[in-house]
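All remarks here apply to the structure that follows.
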Amino acid sequence: MKSVATLSIIGWLAACVLSNTLWAADNKAVDGKVEQSRQTLDSIKQKIESLKQQLLNTQEAKADAADALKKSEKAISESKRRLFELAQEQTKHAQTLKQLAEKKSHLEEVIQQQKKQLAKQFYQEYTQRTPGTLQLLLQQEDPNQISRELQYYGYIAKARKLLIQDMQGNLHQVIALNTQTEQTLQQVTSLKNQQEQARQKLESEKQEKAKVLSSLSSKIATQRKEISRLKRDEQSLSDLVDRLSRASVAPKKTVPQESKSDTNAPSTPIARNENLPSAGSDGSSFAALKGKLYLPVKGEIMNRFGSSREDTGLTWKGLFIRASEGSEVRAIAQGKIVFADWMRGFGNLLIIDHGNGYMSLYGNNQALLRKSGDVVKSGDNIATVGNTGGNSSSGLYYELRQYSRPFDPLSWSVLR
Numbered sequence: 015m016k017s018v019a020t021l022s023i024i025g026w027l028a029a030c031v032l033s034n035t036l037w038a039a040d041n042k043a044v045d046g047k048v049e050q051s052r053q054t055l056d057s058i059k060q061k062i063e064s065l066k067q068q069l070l071n072t073q074e075a076k077a078d079a080a081d082a083l084k085k086s087e088k089a090i091s092e093s094k095r096r097l098f099e100l101a102q103e104q105t106k107h108a109q110t111l112k113q114l115a116e117k118k119s120h121l122e123e124v125i126q127q128q129k130k131q132l133a134k135q136f137y138q139e140y141t142q143r144t145p146g147t148l149q150l151l152l153q154q155e156d157p158n159q160i161s162r163e164l165q166y167y168g169y170i171a172k173a174r175k176l177l178i179q180d181m182q183g184n185l186h187q188v189i190a191l192n193t194q195t196e197q198t199l200q201q202v203t204s205l206k207n208q209q210e211q212a213r214q215k216l217e218s219e220k221q222e223k224a225k226v227l228s229s230l231s232s233k234i235a236t237q238r239k240e241i242s243r244l245k246r247d248e249q250s251l252s253d254l255v256d257r258l259s260r261a262s263v264a265p266k267k268t269v270p271q272e273s274k275s276d277t278n279a280p281s282t283p284i285a286r287n288e289n290l291p292s293a294g295s296d297g298s299s300f301a302a303l304k305g306k307l308y309l310p311v312k313g314e315i316m317n318r319f320g321s322s323r324e325d326t327g328l329t330w331k332g333l334f335i336r337a338s339e340g341s342e343v344r345a346i347a348q349g350k351i352v353f354a355d356w357m358r359g360f361g362n363l364l365i366i367d368h369g370n371g372y373m374s375l376y377g378n379n380q381a382l383l384r385k386s387g388d389v390v391k392s393g394d395n396i397a398t399v400g401n402t403g404g405n406s407s408s409g410l411y412y413e414l415r416q417y418s419r420p421f422d423p424l425s426w427s428v429l430r
C-alpha cells in the first residue's frame with residue numbers, strides 16, 4: 015500500500031534525521047533532510063487533493079443512488095398501502111357475502127315453509143273431500159253472499175300469489191347481489207395479486223439499489239479514512255519538518271510518538287418495550303397523557319434522549335427503537351396525519367398532529383399505511399417498521415415535539 019510505504023519513509027526519515035540531529039554536527043546534512051521531507055509533504059498534499067476530488071465524485075454518485083432508492087422506497091410504501099386497503103376491501107366483501115348467504119338461507123326456509131303450508135292445504139282438501147270453491151258458491155242462493163264469497167276467495171288467492179312472488183323476488187335479488195359481490199371479490203383478489211407481484215418486483219429493485227448505495231457508502235468511508243490517514247501523515251511530517259528545522263539550530267533528544275484515534279463502543283439496548291398503544295379514542299388532551307403513553311412499536315430502545323450520537327457527535331432528539339422489519343407501528347394517541355412522505359435522513363416519515371402544538375414523528379418506516387389528512391385513533395396501525403432513509407438496521411425513529419421543540423418521549427411513556 016502506498017500509504018504504508020509513505021509511513022515507512024516518514025519513520026525512516028524521522029529516525030535518520032533525529033539520529034543526525036543527536037549525533038552529527040553537520041548542519042548541511044540536516045538541511046538536506048529538511049528539503050527531502052518538504053518534498054514528501056508536497057507529494058502527500060497533492061495526493062490528499064486528488065482523493066478529495068474522488069470523494070466528491072463518489073458522494074455525487076451516492077446522492078444519485080439515494081434519490082433512486084428514495085423513489086423505490088416511496089413506490090414500495092404506496093404499493094403496500096394499496097395492498098393494505100385491498101385486504102380491507104377483501105374482508106369487507108367477504109363479510110357481505112356471508113350476510114347475503116345468511117339472508118338467502120333464511121328466505122329459502124320461509125319459501126320452503128310456505129310450500130309446505132300450501133301442500134298441507136291441498137292434501138287436507140283432497141283427503142277430507144271438502145267441496146271445492148265453485149261447488150260452495152253454487153250452493154249459495156243469495157247473490158250477495160255469492161259475490162262476497164268470490165271476493166273473499168279472490169283475496170286469499172291473490173295474497174298467496176303475492177307472497178310467493180315477493181319471496182321469489184327477494185331470492186332472485188339476493189342471488190344477483192351474491193353474484194355481483196363474488197365478481198367484485200374476484201376482481202379485488204386479482205388486483206391484490208397484481209399489486210403483490212408489483213411489490214415483489216419493487217422489492218427486488220430496491221435491494222439492487224440498496225446494494226449500490228451500500229457499496230458507494232463503503233467506498234466513501236474508505237476514501238474518508240484514507241484522507242484522514244493522509245492528513246495525519248501530513249501533520250506528522252509537518253511536525254517533523256519543524257523539529258528538523260529547529261534541530262539544525264538546537265538539537266533535541268525526542269522521538270515522535272504515534273497517535274491513535276479513539277473508538278466508540280458498539281451500541282447496546284438501554285431497555286426493551288413489549289407494550290403497544292391500545293385501540294380506541296382517548297378524548298383527553300394530549301398534555302393530560304403525560305406518563306400514560308405507550309411507545310408505538312415493540313423492540314429495543316437503543317439510546318436516551320439528549321445523549322450523544324456515535325456517528326455524528328450530535329445529540330439525539332428522539333428514540334431509535336430497533337425492531338424486526340414489517341412490525342406494526344401504531345399511533346400513540348388520537349390526532350390528524352399532517353405529513354406522510356419520504357424525507358432525506360428519515361426515509362418514509364409520518365407525522366401526527368395531536369393539537370395544542372403537540373406532534374409525534376415516526377421515521378425510517380418500510381411502508382406508510384395512512385395518508386396525509388387521515389384522522390387516526392390511539393392504537394391504529396399506521397405504518398410498518400423498515401430501514402428506509404439509509405439506515406443500516408431496521409427500526410423506528412420516534413420523536414415527540416411541542417411547537418417544534420423536541421422533548422424526552424420516555425418521560426411521557428409507560429415501560430414494563
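Quick note on my numbering: the sequence shown kicks off at 15 and runs consecutively. Glycine included, each C-beta is placed from N, C-alpha and C at the ideal position. Predicted model only: the values in this text are computed from it and were never measured.
Rounded to the nearest whole angstrom, the CA to CA distance from S93 to K304 is 36 Å. Every candidate alpha helix (DSSP H) stretch fails here, since none sits fully inside the region 173-199 while reaching 4 residues.
Within the model, the alpha-carbon separation for L410 versus N378 is close to 6 Å.
With a cut-off of 8 Å on Cβ pairs, the region 312-320 is not in contact with the region 380-395, counting fewer than three such pairs. The beta strand (DSSP E) runs lying completely inside the region 281-356 and spanning 3 residues or more are 285-287, 313-315, 333-336, 342-344, given in chain order. About 39 Å separates the Cβ atoms of A381 and I189, ruling out a contact at the 8 Å cut-off. Rounded to the nearest angstrom, the gap between the Cα atoms of E288 and A82 is 35 Å.
The beta carbons of V352 and Y376 sit no closer together than 7 Å. Out of A347, G359, R415, the CA that lies nearest to the CA of T402 is found in G359. The C-beta distance from L114 to N192 rounds to 5 Å, short enough to fall under 8 Å. Within the same chain, Cβ atoms closer than 6 Å to the Cβ of L111 are found at T195, the five residues on either side in sequence being excluded. A distance below 6 Å between beta-carbons, with the five flanking residues on each side excluded, links I346 to the following residues of its chain, in chain order: P291, L307, P310, S374.
When the alpha-carbon of K106 is set against those of T198, D180, D78, A285, the nearest one is in T198. Put simply, the backbone Cα of E219 is about 33 Å away from that of R286. K130 and K175 have their alpha carbons spaced roughly 15 Å apart. Here P423 is buried. Its C-beta has 16 or more other C-beta atoms within 10 Å. Residues M181 of the same chain have their beta carbon placed closer than 8 Å to that of V124, with the five preceding and five following residues left out of the count. Shown here, F98 sits in a helix according to DSSP, grouped into three states.
Taking C-alpha positions only, S407 is separated from A354 by approximately 21 Å. For D367, the enclosing beta strand (DSSP E) begins and ends at 361-369. CA-CA distance, Q179 to T203, rounds to 36 Å. For V399, the uninterrupted beta strand (DSSP E) run begins and ends at 395-399, by DSSP.
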